[in-house]
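The structure appears below as structure tokens.
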Amino acid sequence: MKKLTDVQLGQILWDYHYLGHNVAKAECILGLGSEDIRVAHYCAELYKKGFAPFIVFSGNLGNFTRNLFKAPEAHIFRDIALKDGVSASDIFIEDVSTNTGENILFTKKLLAKKEIFIVNLIIVTKPNLQRRAYATVKKIWPDVNVVILSPVVTFDKQATLQHTQRDIINQMVGDLQRIELYPKIGYQIAQDIPEKVWQAHLELIKRGYTQHLVHDTYMRENL
Numbered sequence: 439m440k441k442l443t444d445v446q447l448g449q450i451l452w453d454y455h456y457l458g459h460n461v462a463k464a465e466c467i468l469g470l471g472s473e474d475i476r477v478a479h480y481c482a483e484l485y486k487k488g489f490a491p492f493i494v495f496s497g498n499l500g501n502f503t504r505n506l507f508k509a510p511e512a513h514i515f516r517d518i519a520l521k522d523g524v525s526a527s528d529i530f531i532e533d534v535s536t537n538t539g540e541n542i543l544f545t546k547k548l549l550a551k552k553e554i555f556i557v558n559l560i561i562v563t564k565p566n567l568q569r570r571a572y573a574t575v576k577k578i579w580p581d582v583n584v585v586i587l588s589p590v591v592t593f594d595k596q597a598t599l600q601h602t603q604r605d606i607i608n609q610m611v612g613d614l615q616r617i618e619l620y621p622k623i624g625y626q627i628a629q630d631i632p633e634k635v636w637q638a639h640l641e642l643i644k645r646g647y648t649q650h651l652v653h654d655t656y657m658r659e660n661l
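See below:
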């Protein structure tokens, strides 16, 4: 592993996190808020192509947007979708959640309150968050058929001025830790982690990619 560069190790994690689902029609598009506004544009694109009749944008402010956005992520994404031609009446907002689990849970509650019951769901998120989103929705909303999609972008093109490739690798390292730990406390379904992926994860931690890791105190209190 030491012969591989940080970027090569990051690519191993990126390939694991990215699920590669095929687009399919659904009753709802759920756009998970983040610093990556390409997610909002892609939600609008799917809506305009007729893949779902409405969009829910979910998210308040999180680790990567507190110092970037002046309004909740869901509001920023809604404004982008409106400019892209989505009808205002076809956009719902969930602007309380601050993590992936809350995104899913609060959206489920929002739709239930509106007496909207869906069978098929499209979730749009960043490519490196696909697997964690899948594991979370299958735990919280197991009866829904879900497709996880992202804007079409490769690992080497995913970075932005606000979110560098190092930031992305840090997030992937932390999310892989969560994929391994969270099933134990009921946050996600369990998923297999290939040895090659786990070793890349451990090597990146040794190289200092620790900013997104769950703190030991938190785990002791919850496990």
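Mapped onto my numbering, the consecutive letters of the sequence shown carry residue numbers 439 to 661. C-beta: ideal position from N, C-alpha, C; glycine also. Source: prediction; values computed, not measured.
Just tell me which of the options has its CA closest to the CA of residue i.
i             : options                        : result
aspartate 517 : Gly469, Thr592, Leu549         : Gly469
leucine 506   : Phe492, Asp533, Ile475         : Ile475
histidine 397 : Gln626, Val534, Leu549, Gly523 : With the chain represented from 439 up to 661, any question about residue 397 goes unanswered, as that position is not in the structure.
proline 589   : Lys521, Ile554, His459, Arg504 : His459
alanine 526   : Arg569, Thr598, Tyr485, His653 : Tyr485
Please report the distance separating the alpha-carbon of residue i from that of residue j.
i                 : j              : result
valine 494        : lysine 441     : 44 Å
histidine 455     : alanine 519    : 26 Å
glutamate 465     : glutamine 649  : 37 Å
arginine 604      : glutamate 473  : 15 Å
glutamine 637     : asparagine 608 : 15 Å
glutamate 641     : threonine 443  : 10 Å
leucine 661       : alanine 628    : Unreliable positioning characterises leucine 661 in this predicted model, as indicated by a pLDDT of 45, which lies under 50. The coordinate reading is nonetheless provided below. Computed Cα separation, rounded: 15 Å.
phenylalanine 515 : glutamine 626  : 26 Å
Check the Cβ-Cβ distances between residue i and every residue of chain D, and say whether any is below 8 Å.
i           : result
leucine 468 : This model lacks chain D altogether; it includes just one protein chain.
Could you tell me how far apart the beta carbons of residue i and residue j are, in whole angstroms, since I believe they sit closer than 8 Å?
i                 : j              : result
alanine 573       : threonine 563  : Contact flag wrong, Cβ pair sits at about 12 Å.
phenylalanine 489 : valine 445     : Their Cβ separation, rounded to whole angstroms, is 33 Å, which puts phenylalanine 489 and valine 445 out of contact at 8 Å.
glutamine 615     : isoleucine 606 : Glutamine 615 to isoleucine 606, Cβ: 15 Å. No contact.
tryptophan 452    : asparagine 537 : Not quite, the Cβ-Cβ distance comes to about 21 Å (not below 8 Å), so this is no contact.
valine 611        : tyrosine 647   : 5 Å
Residue i: beta carbon under 7 Å from a heavy atom of the ligand ADP?
i              : result
asparagine 537 : You won't find the ligand ADP in this model; it holds no ligand whatsoever.
- Could I get the ranges of all uninterrupted alpha helix (DSSP H) runs contained in the segment 601–658, with 4 residues as the minimum, in chain order? 603–619, 633–644
- Item | Cβ contact (3+ pairs, closer than 8 Å) linking the segment 490–507 and the segment 537–549 | yes
- Does the segment 572–586 come close enough to the segment 547–562 that 3 or more CB-CB pairs lie under 8 Å? Between the segment 547–562 and the segment 572–586, the count of Cβ pairs shorter than 8 Å is three or higher; the stretches touch.
- Message: For the segment 569–580 against the segment 632–646, do three or more pairs of beta-carbon atoms, one drawn from each stretch, fall closer than 8 Å, so that the two count as touching?
- Response: no
- Task: Can you check the segment 486–527 for any beta strand (DSSP E) of at least 3 residues that lies completely inside it and give the ranges in chain order?
- Result: 493–496
- Scan the segment 562–607 and note each continuous alpha helix (DSSP H) run of 4 residues or more that stays entirely inside, going in chain order. 568–578
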